[in-house]
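**Student:**
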Amino acid sequence: MPLSPVVSPAPGTAQGALLLHELAMRVNELIVLLSQMPADAEVVVKGYEEGVDDVVDVTLVQIRKGFYKEWYYGKHAIDKAGDVQAVFIAGPERQPE
Numbered sequence: 382m383p384l385s386p387v388v389s390p391a392p393g394t395a396q397g398a399l400l401l402h403e404l405a406m407r408v409n410e411l412i413v414l415l416s417q418m419p420a421d422a423e424v425v426v427k428g429y430e431e432g433v434d435d436v437v438d439v440t441l442v443q444i445r446k447g448f449y450k451e452w453y454y455g456k457h458a459i460d461k462a463g464d465v466q467a468v469f470i471a472g473p474e475r476q477p478e
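Numbers in my numbering are just positions in the sequence shown, counted from 1, shifted up by 381.
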């Protein structure tokens, strides 16, 4: 049985994060979360490296576009003072084993 999204505080974001825990998110769950976001917001994902992960977090954030120039960073920075509203779709934060 899929878990329902729950609201969780997300420091540094414009609004709280909507999270799913333990199970891989399904398309219908992602649609529900995205339908709660502003339709004109940009959509961003974390930059860098290889592979794929499950989606676990959909958060409304402010970004500063074109902030990073280095190839190994994503182009934009999440910044409360940023002038662009975006939906950040994230996977889990992984740690070295």
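Glycine is no exception: its CB is placed at the ideal position from the N, C-alpha and C atoms.
Computed from a predicted model, the values in this text were never measured in an experiment.
Under a three-way DSSP split, which group does residue 465 fall into?
**Tutor:** Reduced to three states, the DSSP call for residue 465 is strand.
**Student:** For residue 498 and residue 456, what's the separation of their Cα atoms in angstroms?
**Tutor:** Residue 498 lies beyond the stretch modelled for the chain, which goes from 382 to 478, so this question has no answer here.
**Student:** Start and end of the alpha helix (DSSP H) containing residue 478?
**Tutor:** It is not in any alpha helix (DSSP H) - residue 478 carries neither H nor E in the DSSP assignment.
**Student:** What does the alpha-carbon distance come out to for the pair residue 427 and residue 443?
**Tutor:** When rounded, the distance between both Cα atoms is 14 Å.
**Student:** Helix, strand or coil for residue 493? Go by DSSP, reduced to three states.
**Tutor:** With the chain covering 382 to 478 only, the question about residue 493 has no answer from this structure.
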